[in-house]
Structure formats: structure tokens, C-alpha cells
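Asker: Those letters in the sequence shown? Residues 18 to 315, per my numbering, in order.
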Amino acid sequence: MVSSGWCFLAAMIVAYGVANLLQSVAAARTTVHHSFDPGLLLRLAGHRTYLVGLGCQVAGFVLALLARRDLPLFLVQSAVAAGLGVTALLGVLVLKWRLPAAEVALLVLLFAGITALVLSAEPAPAKPLGKAGMVVLAVTLGVIAVVGFFAVRLHGAPGSVALGALAGLAFSAAAVAARPLASAPTPEAFVQDPLLYLLIAHSIVGQLLLGLAMQRGSTTAAVAAMDAAGAVPAAIVGLLLLNDKIWPGREWLAAVGFLVTLGAVIGLTRYAEPQHHHAVAGERDRGMVGVGAAGRPL
Numbered sequence: 018m019v020s021s022g023w024c025f026l027a028a029m030i031v032a033y034g035v036a037n038l039l040q041s042v043a044a045a046r047t048t049v050h051h052s053f054d055p056g057l058l059l060r061l062a063g064h065r066t067y068l069v070g071l072g073c074q075v076a077g078f079v080l081a082l083l084a085r086r087d088l089p090l091f092l093v094q095s096a097v098a099a100g101l102g103v104t105a106l107l108g109v110l111v112l113k114w115r116l117p118a119a120e121v122a123l124l125v126l127l128f129a130g131i132t133a134l135v136l137s138a139e140p141a142p143a144k145p146l147g148k149a150g151m152v153v154l155a156v157t158l159g160v161i162a163v164v165g166f167f168a169v170r171l172h173g174a175p176g177s178v179a180l181g182a183l184a185g186l187a188f189s190a191a192a193v194a195a196r197p198l199a200s201a202p203t204p205e206a207f208v209q210d211p212l213l214y215l216l217i218a219h220s221i222v223g224q225l226l227l228g229l230a231m232q233r234g235s236t237t238a239a240v241a242a243m244d245a246a247g248a249v250p251a252a253i254v255g256l257l258l259l260n261d262k263i264w265p266g267r268e269w270l271a272a273v274g275f276l277v278t279l280g281a282v283i284g285l286t287r288y289a290e291p292q293h294h295h296a297v298a299g300e301r302d303r304g305m306v307g308v309g310a311a312g313r314p315l
């Protein structure tokens with residue numbers, strides 16, 4: 018019988034893929050800002066497309082939380098990257114994106130890596146994180162915010178990659194908090210657990226950083242950088258501290274799958290081409306942020 022965790026995982030991939038696409042469309046319609054301004058989220062919320070995308074991301078978040086009750090973080094966090102493939106496919110079909118051959122090849126490798134991780138992951142409940150782990154998560158939140166304050170000065174693809182990577186670290190920390198939180202015995206214990214509020218704080222910071230990253234031209238570069246940066250820390254913490262398990266004898270398959278997945282998403286940050294363009298805040302009628310494959314209606 019198929020575990021419910023696998024069903025949640027599959028639905029999560031689709032939800033995140035749709036969310037990435039819709040939020041990218043909204044980000045392309047919002048003036049680019051080069052400051053770490055939380056008001057960007059309010060401006061993005063003025064777009065119905067962004068709100069629908071945010072709803073899909075919340076659905077993906079809930080599905081990921083449910084999947085993390087039994088499935089290891091190295092699988093769930095890597096599977097989030099598979100949503101990028103859904104995003105790319107929808108972009109081609111709906112928005113007429115033109116993906117370079119290298120990007121298509123890397124997406125195929127991405128799915129091959131995810132398949133290997135699925136075959137190697139052994140479901141198991143999580144161990145508690147402990148107070149020391151909570152303190153580390155709180156400190157990490159502050160560090161990410163400070164680095165993000167300076168990273169917003171980067172433009173174009175480097176900005177997409179840097180801000181996307183910081184978003185990935187924030188979402189990775191949220192995932193670490195979510196794995197033991199998902200095993201809370203009662204709704205009261207769930208609401209009272211400090212991990213819930215650390216998870217929310219990291220998710221908000223990650224969402225802001227992702228919005229800033231997507232504004233800088235390449236959705237695939239931003240999301241790939243986010244997935245690459247988010248997969249490694251969560252995988253390490255999960256295996257060392259949270260009781261994540263691999264089926265005996267399949268350790269090699271897990272290692273190959275993880276490396277292939279990570280290599281694919283890192284490669285996507287290198288070969289991804291800009292998919293939209295728009296004006297920069299404080300600049301009148303300036304040039305484009307990037308050359309669109311097939312311009313979106315702005």
C-alpha cells in the first residue's frame with residue numbers, strides 16, 4: 018500500500034510548480050526595487066496572480082509539512098526542486114517561454130535525480146530538535162536577513178542567484194523546523210511549539226527574498242538557486258539529527274540521486290535565460306532587466 022507521504026509529495030511538486038510560475042508573472046509586473054523592503058510583499062499582493070500563486074505555495078507548504086511527518090528531508094527538499102520542472106513546462110505551454118537545450122537537459126537530469134532519491138528514502142518519524150537547535154534557527158534567521166539587506170544591491174542574473182540562494186537557506190531552516198513540528202501529538206502542542214513561529218518567520222523572509230530574486234530577470238535561475246541552497250543544509254541536519262533514514266544497501270543510490278539533483282539545479286542557475294523584463298524603481302524608461310524569451314503582458 019502506498020504511504021500517504023508519497024501522495025503528499027507528488028501533490029506538493031505540482032503546487033510549488035504552479036506557485037513559482039504565477040508569482041514570477043506578478044513579480045514581472047512589479048517595479049524592481051534594490052532595497053530589502055518588506056513593502057514589496059504588499060505591492061505584490063495587489064496582483065491577483067500573485068495571490069493565487071501564494072495560495073498555491075501555501076498549499077505546497079502544507080503538503081510538504083504533511084510529507085515531512087514520515088519522509089526524510091533530503092527527499093522532500095530535493096523534490097521541491099522538481100516543481101521547477103513543472104514551472105518550466107507550464108511556462109513553455111502557457112507563456113511561450115523558449116528554454117535553451119542545456120536547460121531542458123538539466124531538467125531531465127533533475128527528474129532522474131529525484132527518482133533515485135524516491136527509491137532510496139525510507140519513511141521514519143522525526144526526532145525532536147531540542148532547545149539548542151531552536152537557538153541556531155533563530156540566529157540563522159538574523160544572519161539571512163542581514164546578508165539579504167546587502168544582496169539586494171546585485172542586478173540581473175547574479176542578483177537572481179544570490180537572493181534565490183538566501184531564500185533557499187531561509188526555506189531550508191523552515192523545513193528543519195517543520196520536520197519535528199509535523200509530529201506534534203495534538204493541535205494544542207502544534208500551536209504552542211516555538212518551532213511553528215520560527216518556521217513562519219523563516220518562511221516570510223524567504224518569500225520576500227524570492228520575490229526580489231524573481232524580479233531580476235530569470236525565474237529558473239532564482240528558483241534553482243533557492244532549491245540548491247535549500248537542499249544541502251536540510252539534508253545534513255535531517256540525517257544527523259532528525260532520524261532521516263535510507264533503505265539499507267541503497268546509500269549509493271541516495272548519494273548519486275542527491276548529487277545529480279544538486280548538480281542539475283546548480284547548472285540551471287548557470288544556463289537559465291531571463292524570461293521577462295520591466296522597469297527599475299527610481300529610473301524612468303530605462304533598459305530591460307533581461308531579454309525575454311517571449312515577453313509577458315506587463
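The beta-carbon is built from N, C-alpha and C at its ideal position, and this holds for glycine as well.
Tell me the DSSP bridge mates of Glu139?
Answerer: Here residue 139 corresponds to residue number 122 of the sequence shown, with the count starting at 1. Answer is Lys262.
Asker: Am I right that Leu107 and Gly181 are in contact with their C-beta atoms under 8 angstroms? What's the rounded C-beta distance?
Answerer: Against the sequence shown, residue 107 aligns to sequence position 90. Against the sequence shown, residue 181 aligns to sequence position 164. Actually they are not in contact, since the Cβ atoms of Leu107 and Gly181 sit about 19 angstroms apart, beyond 8 angstroms.
Asker: Tell whether a beta-carbon distance below 8 angstroms holds between Gly284 and Gly185.
Answerer: As a position in the sequence shown, residue 284 is number 267, starting the count at 1. As a position in the sequence shown, residue 185 is number 168, starting the count at 1. No, the pair does not count as a contact, with Cβ atoms beyond the cut-off.
Asker: Just checking, does the segment 142-151 make contact with the segment 251-265 on the three C-beta pairs under 8 angstroms criterion?
Answerer: Judged by Cβ distances under 8 angstroms, the segment 142-151 makes contact with the segment 251-265, as three or more pairs qualify.
Asker: Taking only the alpha-carbon atoms, compute the straight-line gap between Ile161 and Val75 and give it to the nearest angstrom.
Answerer: As a working mapping, residue 161 is identified with position 144 in the sequence shown. As a working mapping, residue 75 is identified with position 58 in the sequence shown. Roughly 22 angstroms separates the two Cα atoms.
Asker: So what does DSSP say about Asp302, is it helix, strand or coil?
Answerer: By 1-based counting over the sequence shown, the position of residue 302 is 285. Bear in mind that a pLDDT of 36 at Asp302, under 50, signals an unreliable position, so the model cannot answer this.
Asker: Report all residues from its chain with a CB closer than 8 angstroms to the CB of Leu158; omit the five preceding and five following residues, and keep chain order.
Answerer: Taking the first residue of the sequence shown as position 1, residue 158 is located at position 141. Contacts found: Ala187, Ala190, Leu215, Ala218, His219, Val222.
Asker: My understanding is that Leu101 touches Val240, with C-beta atoms under 8 angstroms, so please give their C-beta distance in whole angstroms.
Answerer: Taking the first residue of the sequence shown as 1, we reach residue 101 at position 84. Taking the first residue of the sequence shown as 1, we reach residue 240 at position 223. Confirmed, Cβ separation roughly 5 angstroms.
Asker: Where Gln94 and Val156 are concerned, what is the direct C-alpha to C-alpha distance, given to the nearest angstrom?
Answerer: Within the sequence shown, residue 94 is the residue found at index 77, counting from 1. Within the sequence shown, residue 156 is the residue found at index 139, counting from 1. Taking the straight line from one Cα to the other gives about 21 angstroms.
Asker: Taking Thr132 as the reference, which of Val97, Leu258, Ala118 has the closest Cα?
Answerer: Taking the sequence shown and counting its residues from 1, one reaches residue 132 at position 115. Minimum Cα distance to Thr132 is reached at Val97.
Asker: Taking the alpha-carbon of Phe78 as reference, which of Arg196, Glu268, Trp264, Val208 has the nearest alpha-carbon?
Answerer: Position 61 of the sequence shown, counted from the start, is the residue given in the question as residue 78. Closest option to Phe78, Cα to Cα, is Arg196.
Asker: Can you say whether Glu120 is buried or exposed, counting buried as having 16 or more other CB atoms within 10 angstroms of its CB?
Answerer: Counted from its first residue, the sequence shown places residue 120 at position 103. It is buried - the Cβ of Glu120 has at least 16 other Cβ atoms within 10 Å.
Asker: Are Ser137 and Trp264 close, meaning C-beta to C-beta below 8 angstroms?
Answerer: Mapped onto the sequence shown, residue 137 falls at position 120. Mapped onto the sequence shown, residue 264 falls at position 247. Contact flag set, yes.
Asker: Could you give the uninterrupted runs of the beta strand (DSSP E) lying entirely in the segment 155-192, keeping only those of 3 residues or more?
Answerer: If we require 3 residues or more, the segment 155-192 turns out to have no beta strand (DSSP E) run fully inside it.
Asker: Less than 8 angstroms between the beta carbons of Val31 and Val135, yes or no?
Answerer: For the purposes of this step, residue 31 is taken as residue 14 along the sequence shown, with counting starting at 1. For the purposes of this step, residue 135 is taken as residue 118 along the sequence shown, with counting starting at 1. Cβ atoms of Val31 and Val135: not closer than 8 angstroms.
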